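Here the structure comes first, spelled out in structure tokens, and everything after it is commentary.
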Amino acid sequence: MTPTPTPPEGLTEVPPIGLVTAQRLAVVVAEHVAARAQAGQTEIAVRDWTEELLGRRGSKGVWTPTNVGFGAGTLSCFPTDKPSDRVLWNIDLGFVDVHPVTEDGWWGDCTRSFIRGENPGYREALETMRHVHETTLAAARPGMRACDLFFAFQEALEPTGLLLLDRLNNIGHSLDRNTSYDLGYLDPWNETRLWGAWAVEPFMGNHLWGVKQEDVLWFGRHNCVVIR
């Protein structure tokens with residue numbers, strides 16, 4: 019029988035208030051932009067608008083660049099990708115990935131994909147992505163291995179026919195105050211036990227488009243909490 023993993027000393031059952039504040043800021047702004055981005059706007063314009071909204075709501079900057087993609091631009095979401103003058107069409111897919119920093123140094127991380135127009139294939143893609151994302155979150159257990167959460171995602175993804183598009187072959191990473199990635203990624207090789215904050219961001223699609231949703235999950239002593 020596999021022994022029950024022991025939580026690190028000092029780990030709380032609920033996420034720190036600073037983390038909650040940062041992540042809720044990220045969620046509010048990402049969902050606002052996803053709901054209101056308009057056909058004719060460029061990726062650059064939406065990035066600038068997103069960062070303006072973050073600043074107005076108290077963000078002191080971003081810890082990694084704001085990422086925006088429309089159409090073919092949804093095929094990649096990576097810190098080195100820069101928004102372009104690509105325009106959002108009136109029948110299109112898009113995403114926005116935001117990373118606010120609060121005054122006391124907590125980091126948020128949230129991605130939301132969205133649709134404009136009523137293309138049935140795009141609508142189905144979003145519904146499939148959200149199902150896979152929620153199934154992955156529901157599989158989370160305190161102290162499980164990072165690789166096992168990845169395998170839960172992989173199992174949910176397989177029947178959809180979609181591909182994992184992340185170029186590092188992961189679905190997320192560790193997150194903490196003033197830092198990220200320290201404990202590695204949610205990938206097939208990382209056996210790190212999951213405690214504290216991890217960003218869960220399955221990014222899936224095909225050769226034409228990608229869809230992605232990202233939320234932060236707190237692995238407490240006995241329960242997991244999605245910060246929304």
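If you want the numbering used here, it's the 1-based position in the sequence shown plus 18. Just so it is clear, CB atoms sit at the ideal spot from N, CA and C, and this is done for glycine as well. Remember, it's a predicted structure, so these values are computed and weren't measured experimentally.
- Remark: C-beta atoms of residue 243 and residue 233 do not approach each other more closely than 7 Å.
- Looking only at 173, 46, 39, 97, the smallest Cα-Cα distance to residue 186 is reached by 97.
- When DSSP states are grouped into helix, strand and coil, residue 217 belongs to the strand group.
- Of the other Cβ atoms in all chains shown, fewer than 16 fall within 10 Å of the Cβ of residue 199; this residue is therefore exposed.
- Note on residue 207: under 16 other CB atoms within 10 angstroms of its CB, so exposed under the neighbour-count rule.
- For residue 62, the enclosing alpha helix (DSSP H) starts and ends at 61-74.
- Two segments are said to touch when three or more pairs of C-beta atoms, one from each, lie closer than 8 Å; by this definition the region 146-153 does not touch the region 103-113.
- A check of alpha carbon separations from residue 122 across 141, 77, 202, 155 identifies 77 as the nearest.
- Here the region 217-224 lies against the region 168-186, with 3 or more beta-carbon pairs under 8 Å apart.
- With the rule of 3 Cβ pairs closer than 8 Å, the region 156-167 does not count as touching the region 124-132.
- Counting only runs of at least 4 residues, the region 124-163 fully encloses the following alpha helix (DSSP H) elements, listed from N- to C-terminal order: 138-156.
- Assigned with DSSP and collapsed to three states, residue 165 falls in helix.
- Residue range 35-54 is occupied by the alpha helix (DSSP H) that includes residue 36, with no beta strand (DSSP E) assigned at that position.
- Around the Cβ of residue 141, a 10 Å sphere holds fewer than 16 other Cβ atoms; the residue is exposed.
- Around the beta carbon of residue 230, a 10 Å sphere encloses 16 or more other beta carbons of the protein chains shown; the residue is thus reported as buried.
- Residue 118 places its beta carbon 7 Å or farther from that of residue 65.
- No Cβ-Cβ contact shorter than 7 Å links residue 237 with residue 204.
- In the three-state reduction of the DSSP assignment, residue 98 falls in the coil class, being assigned neither a helical nor a strand state.
- In the structure shown, the three-state DSSP call for residue 87 is strand.
- A contact is defined here as three or more CB-CB pairs under 8 Å, and the region 70-87 meets this definition with respect to the region 36-55.
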